[in-house]
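Student: This is the structure, below, for whatever I ask next.
Protein chains: 2
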Amino acid sequence: MTNELVHQKFHHILDETLIKEILEVGLFRHFSKDDIIIDVDQPLKYIPLLLSGSIKILRGDDEGDDLLIYFLEAGETCTMSLACCMGTTKSKIRAVAEIDSYLVMIPVEYMQKWFHSNESWRNFILESYQTRFNEMLETIDTLAFMKMDERLLKYLKNKVMLHDSNTLDTKHQDIAEDLHTSRVVISRLLKQLENEHKIKISRNKIEVLV
Amino acid sequence: MTNELVHQKFHHILDETLIKEILEVGLFRHFSKDDIIIDVDQPLKYIPLLLSGSIKILRGDDEGDDLLIYFLEAGETCTMSLACCMGTTKSKIRAVAEIDSYLVMIPVEYMQKWFHSNESWRNFILESYQTRFNEMLETIDTLAFMKMDERLLKYLKNKVMLHDSNTLDTKHQDIAEDLHTSRVVISRLLKQLENEHKIKISRNKIEVLV
DNA sequence: TTCGGTTTGTAATAAATGTTACGTATGTGA
DNA sequence: TCACATACGTAACATTTATTACAAACCGAA
Numbered sequence: 001m002t003n004e005l006v007h008q009k010f011h012h013i014l015d016e017t018l019i020k021e022i023l024e025v026g027l028f029r030h031f032s033k034d035d036i037i038i039d040v041d042q043p044l045k046y047i048p049l050l051l052s053g054s055i056k057i058l059r060g061d062d063e064g065d066d067l068l069i070y071f072l073e074a075g076e077t078c079t080m081s082l083a084c085c086m087g088t089t090k091s092k093i094r095a096v097a098e099i100d101s102y103l104v105m106i107p108v109e110y111m112q113k114w115f116h117s118n119e120s121w122r123n124f125i126l127e128s129y130q131t132r133f134n135e136m137l138e139t140i141d142t143l144a145f146m147k148m149d150e151r152l153l154k155y156l157k158n159k160v161m162l163h164d165s166n167t168l169d170t171k172h173q174d175i176a177e178d179l180h181t182s183r184v185v186i187s188r189l190l191k192q193l194e195n196e197h198k199i200k201i202s203r204n205k206i207e208v209l210v
Numbered sequence: 001m002t003n004e005l006v007h008q009k010f011h012h013i014l015d016e017t018l019i020k021e022i023l024e025v026g027l028f029r030h031f032s033k034d035d036i037i038i039d040v041d042q043p044l045k046y047i048p049l050l051l052s053g054s055i056k057i058l059r060g061d062d063e064g065d066d067l068l069i070y071f072l073e074a075g076e077t078c079t080m081s082l083a084c085c086m087g088t089t090k091s092k093i094r095a096v097a098e099i100d101s102y103l104v105m106i107p108v109e110y111m112q113k114w115f116h117s118n119e120s121w122r123n124f125i126l127e128s129y130q131t132r133f134n135e136m137l138e139t140i141d142t143l144a145f146m147k148m149d150e151r152l153l154k155y156l157k158n159k160v161m162l163h164d165s166n167t168l169d170t171k172h173q174d175i176a177e178d179l180h181t182s183r184v185v186i187s188r189l190l191k192q193l194e195n196e197h198k199i200k201i202s203r204n205k206i207e208v209l210v
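Sequences listed follow chains A and B, in order.
Numbering (full-length UniProt numbering) for the first sequence: 1 to 210.
Numbering (full-length UniProt numbering) for the second sequence: 1 to 210.
And the structure:
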């Protein structure tokens, strides 16, 4: 079943030989919602390929403060881990399962080997880097140029897009943590967005109208 | 003379054959201080390798507002251009010569070709990505977790480090643009840093003491 | 239904940053 | 040396965001 998923999610970019090898050496793992897949300062020994679900990539500082950088979706890999694996080998980010998720974990040594031996893997890595690079730029943009109310709306819209549903079941506190601000600020701004008829709020639920 | 520089700055990472090819197909360019090397929305047809000098990589929004992302030093390449070249082909950043600088510009098609044919080039690209990735993370950190006074001091220290001199000849307005704030704010905070004996201010000059 | 924990609303206040306005210093070239 | 542009200092004020505190609403379990 997981084998099927590997084919399904990766055959468009990785060649048959490689997929076969992935099935041999990869470790299949399941994570439940809110499980921490990798944490800051943990050593990275595997490259994750996401088969299903969704993973939140966060930057955490020393005091446990977080900031959402981007989401990982099925068919993608975490470029952070690539960058980390090659260099310091310590994770600089935290990865948390947003919903139940299945992963294949590839031991780093294969990542290196394949990079020089398999063209489709090279392209995959390169493409991943590009995608994430642009997403990091986007994040920087957001932080540097946007006010909190804009950031909040953007965050909500993005979540709605990824979830394929207009309604998010989330509490204000969670949003505050992702955007690295306080719950009070989020509540205030959500109320404001509701007054502008852009969202509808109820307990543990936010309906996005725009 | 520029040929010498290519060897000097890149022989530790790129092999002889490749360097020879770079000398054949690369275009040598000189930029003076404050020259715009590439601007937002310009199409990217070349990968730059920096031979000497220093280049400021900025993110610019629509209204001409800027934010410094990182500096490029001799022996490095701009990973942004890699990411841009492969994808949208339009630059998402602005590159400005910080001081007089010499570059070799490699046409994109070679970048692709070498990526699959030359191991040392592959490693170079991969290493560049790692370095920049970490720097982008650092930038995100700074924006998300630090206050303006901390950001300012960090900016000054970084510049001092890159310049090999305790004294920066820069005006408050320039700093304000790099950090995406206003001149008044920078002047205020600089004064504050001076009172804390961390810097010494004079016209067009800042001496960093810590 | 009642208790108790969780989630949300809101006010009051503080701190950080942004904006406007204008005065003062400093260097340059006529 | 005088006029002028540029760079800097600073006050007053506006806006945005953070913090604290507490009340109200909601929900599930006993």
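Even for Gly, the Cβ is constructed at its ideal location relative to N, Cα and C.
Taking only beta-carbon atoms, is residue 246 of chain B less than 8 Å away from chain A?
Tutor: With chain B running from 1 to 210 in the structure shown, residue 246 of chain B is simply not present.
Student: Please say whether V6 of chain B and L18 of chain B have beta carbons closer to each other than 8 Å?
Tutor: Not a contact, by the Cβ cut-off of 8 Å.
Student: Does the distance from the C-beta atom of K200 of chain B to that of L153 of chain B stay below 8 Å?
Tutor: It is not a contact, given that the beta carbons lie outside the stated cut-off.
Student: Between T139 of chain A and chain B, is the shortest Cβ-Cβ distance under 8 Å, so that the two count as touching?
Tutor: So yes, T139 of chain A belongs to the interface.
Student: Please report whether the beta-carbon of Y102 of chain B lies at a distance below 8 Å from any beta-carbon of chain A.
Tutor: Taking Cβ atoms only, chain A never reaches closer than 8 Å to Y102 of chain B, which makes this a no.
Student: Quick one: Cα of L143 of chain B to Cα of I38 of chain A, how far?
Tutor: Distance between the alpha carbons of L143 of chain B and I38 of chain A is about 23 Å.
Student: Measure the CB-CB distance between I186 of chain A and H163 of chain A and report whether it falls below 8 Å.
Tutor: The answer is no: Cβ separation not under 8 Å.
Student: Which whole-angstrom value is the C-beta distance of N166 of chain B and E127 of chain B, which I expect to be below 8 Å?
Tutor: Going by Cβ atoms, the distance from N166 of chain B to E127 of chain B rounds to 31 Å, so no, they are not a contact pair.
Student: Looking at C-alpha atoms only, which residue of B:K113, B:E76 and B:I99 is the closest neighbour of H12 of chain B?
Tutor: That would be B:E76, whose Cα lies nearest to the Cα of H12 of chain B.
Student: Just how far apart, CA to CA, sit A123 of chain B and N118 of chain A?
Tutor: Checking the sequence, you will find Asn at residue 123 of chain B rather than Ala. Approximately 14 Å between the Cα atoms of the pair.
Student: DSSP three-state label for I199 of chain A, please.
Tutor: Correct three-state label for I199 of chain A: strand.
Student: Leaving out five residues on either side along the sequence, give the residues of the same chain with a beta carbon under 6 Å from the beta carbon of L49 of chain B.
Tutor: For L49 of chain B, where only same-chain residues beyond five positions count, the Cβ hits under 6 Å are T77 and V104.
Student: Flag Y129 of chain B as yes if its beta-carbon sits less than 8 Å from any beta-carbon of chain A, otherwise no.
Tutor: Yes, Y129 of chain B lies at the interface with chain A (some Cβ there is under 8 Å from its Cβ).
Student: Which whole runs of the beta strand (DSSP E) in the segment 36-107 of chain A are 3 residues long or more, in chain order?
Tutor: If we require 3 residues or more, the beta strand (DSSP E) runs fully inside the segment 36-107 of chain A come out as 36-38, 46-52, 54-60, 66-73, 94-97 and 101-107.
Student: To which residues of the same chain is M80 of chain B closer than 6 Å at the C-beta, ignoring the five residues directly before and after it?
Tutor: Correct list, in chain order: I93.
Student: Do R151 of chain A and L179 of chain A count as a contact pair if the criterion is CB distance below 8 Å?
Tutor: Yes, the pair counts as a contact, with Cβ atoms nearer than the cut-off.
Student: Does any residue of chain A have a CB that is nearer than 8 Å to the CB of H12 of chain B?
Tutor: No, H12 of chain B does not count as interfacial toward chain A.
Student: Looking at the unbroken alpha helix (DSSP H) that takes in T210 of chain A, where does it start and where does it end?
Tutor: It is Val, not Thr, that sits at residue 210 of chain A in the sequence shown. That residue, V210 of chain A, is in no alpha helix (DSSP H); it is neither H nor E in DSSP.
Student: Exposed or buried, which one is G60 of chain A when buried takes at least 16 other CB atoms within 10 Å?
Tutor: With 16 or more other Cβ atoms within 10 Å, it is buried.
Student: Who does F10 of chain A pair with in a DSSP beta bridge?
Tutor: Looking at the DSSP assignment, F10 of chain A forms no beta bridge with any residue, so it has no partner.
Student: Going along the chain, which unbroken runs of the alpha helix (DSSP H) with 4 or more residues stay wholly within the segment 109-174 of chain A?
Tutor: The segment 109-174 of chain A contains these whole alpha helix (DSSP H) runs: 119-145 and 148-163.
Student: My guess is that Y102 of chain B and S52 of chain B are in contact by the Cβ rule of under 8 Å, so how many angstroms apart are they, rounded?
Tutor: That pair is a contact at about 5 Å.
Student: Please check if any C-beta of chain B sits within less than 8 Å of the C-beta of R122 of chain A.
Tutor: Yes - at least one Cβ of chain B is within 8 Å of the one on R122 of chain A.
Student: Report the rounded CA-to-CA distance for S120 of chain A versus F10 of chain A, giving the unit in angstroms.
Tutor: Their backbone Cα atoms lie some 10 Å apart in a straight line.
Student: Is residue 213 of chain B near L44 of chain B, with beta carbons less than 8 Å apart?
Tutor: Past the edges of chain B, shown from 1 to 210, lies residue 213 of chain B, and the structure says nothing about it.
Student: If you draw a straight line from the alpha carbon of I99 of chain B to that of E4 of chain A, how long is it in whole angstroms?
Tutor: Rounded to the nearest angstrom, the two C-alpha atoms are 55 Å apart.
Student: Quick one: which residues of the UniProt domain "HTH crp-type" (165-209) of chain A get their C-beta closer than 8 Å to a C-beta of chain B? List them in chain order.
Tutor: Under the 8 Å Cβ criterion, the UniProt domain "HTH crp-type" (165-209) of chain A contributes H180.
Student: Could you tell me if L27 of chain A is buried or exposed, where buried requires 16 or more neighbouring beta carbons within 10 angstroms of its beta carbon?
Tutor: Exposed, since its Cβ has fewer than 16 Cβ neighbours within 10 Å.
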